[in-house]
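Participant: Numbering (this note's numbering), first residue to last: 3 to 372. Ideal Cβ positions, reconstructed from N, Cα and C, are used throughout, including at glycine. Values in this document were obtained by computation on a predicted structure and should not be read as measured data.
#1: Between the C-alpha atoms of residue 189 and residue 46, what's the straight-line distance to the nearest angstrom?
#2: Taking the alpha-carbon of residue 313 as reference, which of 100, 324 and 238 has the nearest alpha-carbon?
#3: Just to check my reading of the structure: residue 97 and residue 117 have Cβ atoms closer than 8 Å, yes? What is that Cβ distance to the nearest angstrom?
#4: Which same chain residues end up closer than 6 Å to residue 291 when comparing Cβ atoms and leaving out the 5 residues on each side of it in sequence?
#5: My guess is that residue 263 and residue 285 are in contact by the Cβ rule of under 8 Å, so how many angstroms apart are they, rounded?
#6: Report the option in 327, 56 and 74 whose CA atom is closest to the CA atom of residue 38.
#7: Quick one: what's got a C-beta closer than 8 Å to residue 236's C-beta in the same chain, skipping five residues either side?
#8: Which class does residue 68 belong to by DSSP, given the choice of helix, strand or coil?
#9: To the nearest angstrom, report how far apart residue 52 and residue 296 are at their CA atoms.
#10: State the CB to CB distance for the pair residue 43 and residue 63, rounded to an integer number of angstroms; the pair is presumed to be in contact (CB under 8 Å).
#11: Can you give me the C-alpha to C-alpha distance between residue 240 and residue 226, rounded to a whole angstrom?
#12: Would residue 187 and residue 112 qualify as a contact pair, given that the criterion is a beta-carbon distance under 8 Å?
#13: Where does residue 113 fall in DSSP's three states?
#14: Alpha carbon to alpha carbon, what distance is there between residue 294 and residue 328?
#15: Which residue marks the beginning of the alpha helix (DSSP H) containing residue 296, and which one marks its end?
#16: Specify the secondary structure class of residue 194 as computed by DSSP and reduced to three states.
#17: Which of helix, strand or coil does DSSP assign to residue 40?
#18: Going along the chain, which residues of its own chain have a beta-carbon closer than 7 Å to the beta-carbon of residue 319, five neighbours each way excluded?
#19: Nearest-angstrom Cα distance between residue 76 and residue 83?
#20: When DSSP labels each residue in this structure, what does residue 231 get in the three-state scheme?
#21: Over what stretch of residues does the alpha helix (DSSP H) that includes residue 263 continue unbroken?
#22: According to DSSP, simplified to helix, strand and coil, what is residue 142?
Encoded structure:
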């Protein structure tokens, strides 16, 4: 069983109040993931604090070290800077669970994740925060492989790192120069959106986030596939019973929509699962949301069938076109997105958190070098 505790050492009060902790909410929360980092954590803290001196900020160091050396360095800095907090974790390894633990405690509107191993220049955080404010982006990543060709890795073999980055980017489908990076910033609302989908294992949180973004789409496609199979079976059975094609297609569409709603509610949108009366109201809303998809499906299938396309091919094409329409419609009408304030409250109340704020296709990721 893992132990999760937070340690914070406040400086002795001074008469002039210069060491008093600020009451205002921090603009930026920096989560530094540390493991046996007593040799580098002090320098990282100094760089981060100096770089963000012009912004209200807090620094949360999540330490998973076996000994107390890293914690001692952090606590020594907290004497003079009350914005620095220490979180000690025992029995849990990996960058991803450390980053999630710090992210759940963070209070800032912008969340920055930094690896204490100094694989990237942590002084880029201020630039990334500025870019996040000035463009329609969700997350900004500091690349270890800038355009000039250097990696910024001290004492690391860059070949395996670049190979790992290439493979990770291919698997995630994201155009990142460094998906294995350990320094990036994201908006609070976007983190709250992907939080329920994070697996919380491993050492590369960008990989975990990428998988989280793909998870909802993958589940949607799987559910749609099962609905398609049911759709085709109903059409085939109806045809065997002598029913006209338009009636078979309509009945199959209605049945498949009901099936898809039930599975989406349990799997795809489980973080916003509807229960009781809300579920039946949601089912009606799902029918309304999918009305356009049903019309598209019916029109496409009937048109193709009239062109002598085999009934199973016509029905499949109609169902797939309807599913594409449904994916966008249900996210806007049935499982509504929460406001930013509601997401923040939900994140505090429950670790599960709310649903994703944006679809995977809406992700924009700028890349920073030196």
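Facilitator: Based on what the coordinates show:
#1: 22 Å
#2: 238
#3: 6 Å
#4: 331, 332, 335 and 336
#5: 6 Å
#6: 74
#7: 250, 253, 254, 257 and 258
#8: coil
#9: 58 Å
#10: 7 Å
#11: 21 Å
#12: yes
#13: strand
#14: 8 Å
#15: 293 to 308
#16: helix
#17: coil
#18: 302, 303 and 306
#19: 10 Å
#20: helix
#21: 247 to 265
#22: strand
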